[in-house]
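Q:
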Amino acid sequence: MQGTDLLLQRPVCAQPGDRRTRTTDPIVTGTTVLGLKFNGGVMLAADTLGSYGSLARFMFMERIKKIGNHTVIGGSGEMSDFQHITKTLEGLVREDYCIDDGFVLTPKEMFSYLNRVLYNRRSRFDPLWNDIVVIGWDHTKQSSFLGLLDKVGTAYEDNYVATGYGNYMSLPLLRAGWRPDLTKEEARALLEKAMVVLFFRDARTINRIQIGTVTASGVEVTAPFELDTTGQWNSGENAIRDDEFNNS
Amino acid sequence: MSSIGTGYDLSCTTFSPDGRVFQVEYATKAVDNSGTAIGLRVRDGVVLGVEKLILSKMLVEGSNRRVLTVDENIGVAFAGLSADARMLVKRCRTEASGYRDFYGSPIPTHVLSDRISGYVQAHTLYAHLRPFGCALLIAGYDAKGPQLFAVEPSGLSWGFYGCAIGKGKQACKTEIEKLRLSAMTCREAIVEVARIIQLAHDDSKEKTYELDLSWVCDESNHMHQAVPAALKAEAIAKAKQAVEEAMGE
Chain A
18 MQGTDLLLQR PVCAQPGDRR TRTTDPIVTG TTVLGLKFNG GVMLAADTLG
68 SYGSLARFMF MERIKKIGNH TVIGGSGEMS DFQHITKTLE GLVREDYCID
118 DGFVLTPKEM FSYLNRVLYN RRSRFDPLWN DIVVIGWDHT KQSSFLGLLD
168 KVGTAYEDNY VATGYGNYMS LPLLRAGWRP DLTKEEARAL LEKAMVVLFF
218 RDARTINRIQ IGTVTASGVE VTAPFELDTT GQWNSGENAI RDDEFNNS
Chain B
43 MSSIGTGYDL SCTTFSPDGR VFQVEYATKA VDNSGTAIGL RVRDGVVLGV
93 EKLILSKMLV EGSNRRVLTV DENIGVAFAG LSADARMLVK RCRTEASGYR
143 DFYGSPIPTH VLSDRISGYV QAHTLYAHLR PFGCALLIAG YDAKGPQLFA
193 VEPSGLSWGF YGCAIGKGKQ ACKTEIEKLR LSAMTCREAI VEVARIIQLA
243 HDDSKEKTYE LDLSWVCDES NHMHQAVPAA LKAEAIAKAK QAVEEAMGE
């Protein structure tokens, strides 16, 4: 019968009247993750808050994870699903280490793998409720990688990405500030500025963030640190309000 | 010590009149016919070395590895039927990965050794399954420090400071007993491993061999890895020199 697991004789996707509901209602969530390419590498930023609805519950939540020596992922959405994803990917990296044949999963391969997992789960009406940013350095191609995956299984790569509110508040800032020859310090400053804007406008953030960077020399994820947000209430407004924007 | 178990040796489910399971003993013979593997547990880690007999000049160096990694901090060297050993190592990896998933920390070496022994022993219970024709040397570095265990086809396992399995195990064990392992470092141990294997190897009878050398120690950050190429080459050179000097005396 179509849509039935042949071995176990049970439906593989939600049926009408199915009283079981899977993850369609996230409980502990993370907000925006931002990603930005610079000359020689790629960086991502996320705050360290796990929100319980409107309660700022878990203030030291790690939403940025180093996976292997060349990749970092950042997750927004349901944190338990993100932790499951992290565990799975770390398992893949460990397999690579055990087999020790000189082949190591590149960031793009991890990206592709995650994409397949996410799409499959959504097709079974049992999604992993996450939007994930994957950054890394491809040591076989000597180039940086930045991609976004969402909970329905969309996957795309770009020079700057954002999840959630970041799409509205931060992406215009990243677009305006990005150049192909952006330095690492400039990229960090741009990301921090975007995170400050988000702190003031997204009601589910805190000002403690982490920044993950990947370059040819490896991965670095900072410890959580606090953004200085004093007197910057207008930060977003001033960033956008410039001639280029007004003349369009 | 070998005896013919005519009539009592056809399956694992038969004991002989003197209480032996011949199938398991025959499995151990498979181990005794293969290239030697040694493990040394020293002060700051464990070193594993295997005498990989080269069956053909056409073989690419580094193929058919005899030391495999099970988890970040555990490695396994084996003697006996390689194919059997690889399946056992696969099982080791599953156990290690499952333990991590469940308990959130790396599997302690003695726990892995216990689990694999149980798995090996289970294959000595049925007529429709044959025992594993291989023995494992499990080397790990966990909260208790460096550990070395040997698992044999019967499912017995022991913790060792120094152990040898395979063809030259008697000669190697004699040499190992002369060493003061608790005072040694891994850098010294890799030379000893290379030397002992070289001693046990009979050039006239056997073909040439390739040495598979690995360690898990303070220097490797408690990760199991192949000994770095430069160190390995140095150890082999020193070992050859030591053996030649000993022969010259």
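Protein sequences appear in the order of chains A and B.
Straight run, no breaks: the first sequence in our numbering ends on number 265.
Straight run, no breaks: the second sequence in our numbering ends on number 291.
Beta carbons: idealized from backbone N, C-alpha and C, even for Gly.
Predicted model only: the values in this text are computed from it and were never measured.
Shorter than 8 angstroms from the beta carbon of B:Ala-193 to some beta carbon of chain A?
A: On the second sequence, residue 193 of chain B is found 151 positions in, with the first residue counted as 1. The residue you asked about is not Ala; residue 193 of chain B is Val in the sequence shown. For B:Val-193, the answer is no, since every Cβ of chain A falls outside 8 angstroms of its Cβ.
Q: Verify the CB distance criterion: does A:Arg-74 have a CB-CB separation below 8 angstroms to chain B?
A: By one-based count along the first sequence, residue 74 of chain A stands at place 57. No, its Cβ sits nowhere closer than 8 angstroms to a Cβ of chain B.
Q: Report yes or no: is there a C-beta of chain A within less than 8 angstroms of the C-beta of B:Asp-113?
A: In the second sequence, counting from the first residue as 1, residue 113 of chain B sits at position 71. Cβ-Cβ to chain A under 8 angstroms: yes for B:Asp-113.
Q: Can you say whether A:Trp-146 is buried or exposed, counting buried as having 16 or more other CB atoms within 10 angstroms of its CB?
A: Mapped onto the first sequence, residue 146 of chain A falls at position 129. By the neighbour-count rule (16 or more Cβ atoms within 10 Å), A:Trp-146 is buried.
Q: Between A:Val-121 and A:Thr-200, what straight-line distance do the alpha-carbon atoms span, to the nearest angstrom?
A: By 1-based counting over the first sequence, the position of residue 121 of chain A is 104. By 1-based counting over the first sequence, the position of residue 200 of chain A is 183. Near 28 angstroms, if we compare the C-alpha coordinates of A:Thr-200 and A:Val-121.
Q: Answer yes or no: does any C-beta atom of chain D fall closer than 8 angstroms to that of A:Tyr-114?
A: Here the protein chains are A and B, and chain D is not one of them.
Q: Could you tell me which of B:Lys-211, B:Leu-110, B:Ala-225 and B:Leu-101 sits nearest to B:Thr-26, measuring between CA atoms?
A: Outside the shown range of chain B (43 to 291) lies residue 26 of chain B, about which nothing can therefore be said.
Q: Counting only the same chain and skipping the five closest in sequence on each side, list residues whose C-beta sits under 7 angstroms from that of A:Ser-265.
A: The residue you call residue 265 of chain A lines up with position 248 of the first sequence. Caution is warranted here: a pLDDT of 49 is assigned to A:Ser-265, below 50, making its placement in the model unreliable, and the coordinate value is therefore given only provisionally. Excluding residues within five positions, none has a Cβ falling inside 7 angstroms.
Q: Can you pull out the residues from the stretch 94-112 of chain A whose beta carbon lies closer than 8 angstroms to at least one beta carbon of chain B?
A: Residues Lys-104, Gly-108, Arg-111 and Glu-112.
Q: Would you check if there are 3 or more beta carbon pairs closer than 8 angstroms linking the stretch 147-165 of chain B to the stretch 178-194 of chain B?
A: Segments in contact, yes.
Q: Let me make sure I understand the geometry here. Which of B:Glu-230, B:Lys-247 and B:Tyr-168 has the alpha-carbon closest to that of B:Leu-52?
A: Start at 1 with the first residue of the second sequence, and residue 52 of chain B comes out as number 10. Answer by Cα proximity: B:Tyr-168.
Q: Since B:Ala-206 is in the beta strand (DSSP E), which residue starts that stretch and which ends it?
A: Counting from 1 along the second sequence, the entry for residue 206 of chain B is found at position 164. Element bounds for B:Ala-206: 204-207.
Q: Could you check whether the stretch 52-63 of chain B touches the stretch 104-117 of chain B, counting it as contact only if at least three pairs of C-beta atoms, one from each stretch, sit closer than 8 angstroms?
A: No: the two stretches stay apart, fewer than three of their Cβ pairs being nearer than 8 angstroms.
Q: From the DSSP output, which residues share a beta bridge with A:Arg-225?
A: Walking along the first sequence from the start, residue 225 of chain A turns up at place 208. A:Glu-243, per the DSSP bridge assignment.
Q: Considering only C-alpha positions, which residue in the set A:Ile-152, A:Ala-172, A:Leu-131 and A:Val-50 is nearest to A:Leu-109?
A: On the first sequence, residue 109 of chain A is found 92 positions in, with the first residue counted as 1. Measuring from the Cα of A:Leu-109, the nearest candidate turns out to be A:Leu-131.
Q: Any C-beta of chain A sitting closer than 8 angstroms to the C-beta of B:Ser-143?
A: For this step, residue 143 of chain B is matched to residue 101 along the second sequence. The identity of residue 143 of chain B in the sequence shown is Asp, whereas the question assumes Ser. Output row for B:Asp-143: interface = yes.
Q: Using a Cβ cut-off of 8 angstroms (strictly closer), state whether B:Arg-229 contacts chain A.
A: Here residue 229 of chain B refers to the residue found at position 187 of the second sequence. For B:Arg-229, the answer is no, since every Cβ of chain A falls outside 8 angstroms of its Cβ.
Q: Which chain B residues are close to A:Asp-117, counting only those with a beta carbon under 7 angstroms from its beta carbon?
A: Residue 117 of chain A sits at position 100 when you count from the first residue of the first sequence. Under the 7 angstroms cutoff, chain B gives Thr-111.
Q: Please list the terminal residues of the continuous beta strand (DSSP E) segment that includes B:Asp-184.
A: For the purposes of this step, residue 184 of chain B is taken as residue 142 along the second sequence, with counting starting at 1. Taken as a continuous stretch (DSSP letters only), the beta strand (DSSP E) holding B:Asp-184 covers 176-184.
Q: Should B:Asn-75 be labelled buried (16 or more other beta-carbon atoms within 10 Å of its own) or exposed?
A: Taking the first residue of the second sequence as 1, we reach residue 75 of chain B at position 33. It counts as exposed.
Q: Provide the residue span of the alpha helix (DSSP H) that contains B:Gln-283, from first to last.
A: Taking the first residue of the second sequence as position 1, residue 283 of chain B is located at position 241. Note, B:Gln-283: alpha helix (DSSP H), 271-290.
Q: Check each candidate in A:Leu-106, A:Thr-41 and A:Gly-85 and name the one with the smallest Cα separation from A:Phe-142.
A: Start at 1 with the first residue of the first sequence, and residue 142 of chain A comes out as number 125. When each option's Cα is compared against that of A:Phe-142, the closest is A:Thr-41.
Q: Is there a Cβ of chain A sitting closer than 8 angstroms to that of B:Ser-139, yes or no?
A: Counting from 1 along the second sequence, the entry for residue 139 of chain B is found at position 97. Yes - at least one Cβ of chain A is within 8 angstroms of the one on B:Ser-139.
Q: Check the Cβ of B:Arg-135 against every Cβ in chain A and list those closer than 8 angstroms, keeping chain order.
A: As a first step, residue 135 of chain B must be located in the second sequence, where it is residue number 93. Within 8 angstroms Cβ-Cβ: Glu-112 and Cys-115.
Q: Please check the pair B:Gly-122 and B:Ala-177, which I expect to be a contact at CB under 8 angstroms, by giving their CB distance rounded to whole angstroms.
A: In the second sequence, counting from the first residue as 1, residue 122 of chain B sits at position 80. In the second sequence, counting from the first residue as 1, residue 177 of chain B sits at position 135. The Cβ separation is near 6 angstroms, so the contact holds.
Q: Run the CB neighbour count on B:Met-43, radius 10 Å, all protein chains shown included, and call it buried at 16 or more, exposed below.
A: The count along the second sequence starts at 1 and reaches residue 43 of chain B at position 1. Since pLDDT at B:Met-43 reaches only 47, below the 50 mark, its modelled position is unreliable, and no value is offered.
Q: I'd like to know whether the C-beta atoms of B:Ala-138 and B:Val-112 end up nearer to each other than 8 angstroms.
A: Locating residue 138 of chain B in the second sequence gives position 96, counting from the first residue. Locating residue 112 of chain B in the second sequence gives position 70, counting from the first residue. Contact: yes.
Q: In terms of alpha-carbon separation, which member of A:Ser-140, A:Gly-92, A:Gln-159 and A:Glu-112 lies closest to A:Phe-128?
A: As a working mapping, residue 128 of chain A is identified with position 111 in the first sequence. Closest by alpha carbon: A:Gly-92.
Q: Check this for me: beta carbons of A:Thr-88 and A:Gly-47, under 8 angstroms apart or not?
A: Working through the first sequence from its first residue, we reach residue 88 of chain A at position 71. Working through the first sequence from its first residue, we reach residue 47 of chain A at position 30. Cβ atoms of A:Thr-88 and A:Gly-47: not closer than 8 angstroms.
Q: Can you tell me the Cβ-Cβ gap for B:Val-91 and B:Leu-253, rounded? I've got them flagged as a contact below 8 angstroms.
A: Residue 91 of chain B sits at position 49 when you count from the first residue of the second sequence. Residue 253 of chain B sits at position 211 when you count from the first residue of the second sequence. Residue identity differs from the one stated: residue 91 of chain B is Gly in this sequence, not Val. Between B:Leu-253 and B:Gly-91 the Cβ distance is about 6 angstroms, and since that is below 8 angstroms, they are a contact.
Q: Could you check which residue in B:Asp-143, B:Glu-93 and B:Pro-173 has the C-alpha nearest to that of B:Ala-72?
A: Position 30 of the second sequence, counting from 1, holds the residue named residue 72 of chain B. For the residues B:Asp-143, B:Glu-93 and B:Pro-173, the minimum Cα distance to B:Ala-72 belongs to B:Pro-173.
Q: Between which two residues does the beta strand (DSSP E) holding A:Met-60 run?
A: In the first sequence, residue 60 of chain A corresponds to position 43, counting from 1. Residues 58-64.
Q: Using C-beta distances below 6 angstroms, list every residue in its chain close to A:Gly-229, excluding the 5 sequence neighbours before and after it, in chain order.
A: Translated into the one-based positions of the first sequence, residue 229 of chain A becomes position 212. Cβ neighbours of A:Gly-229 beyond the five flanking positions: Leu-61, Ile-81, Val-89 and Val-238.
Q: Do B:Ala-185 and B:Ile-116 come within 8 angstroms of each other at the CB atom, strictly closer than that value?
A: For the purposes of this step, residue 116 of chain B is taken as the residue at position 74 of the second sequence. For the purposes of this step, residue 185 of chain B is taken as the residue at position 143 of the second sequence. Not a contact, by the Cβ cut-off of 8 angstroms.
Q: Could you name the residues that DSSP lists as bridge partners for A:Ile-161?
A: As a position in the first sequence, residue 161 of chain A is number 144, starting the count at 1. The sequence shown places Ser at residue 161 of chain A, rather than the Ile named in the question. According to DSSP, A:Ser-161 bridges with A:Trp-154.
Q: For B:Val-54, name the three-state secondary structure that DSSP assigns.
A: Taking the second sequence and counting its residues from 1, one reaches residue 54 of chain B at position 12. Correcting the residue type first, residue 54 of chain B is Cys in the shown sequence and not Val. Coil at B:Cys-54, not helix or strand.
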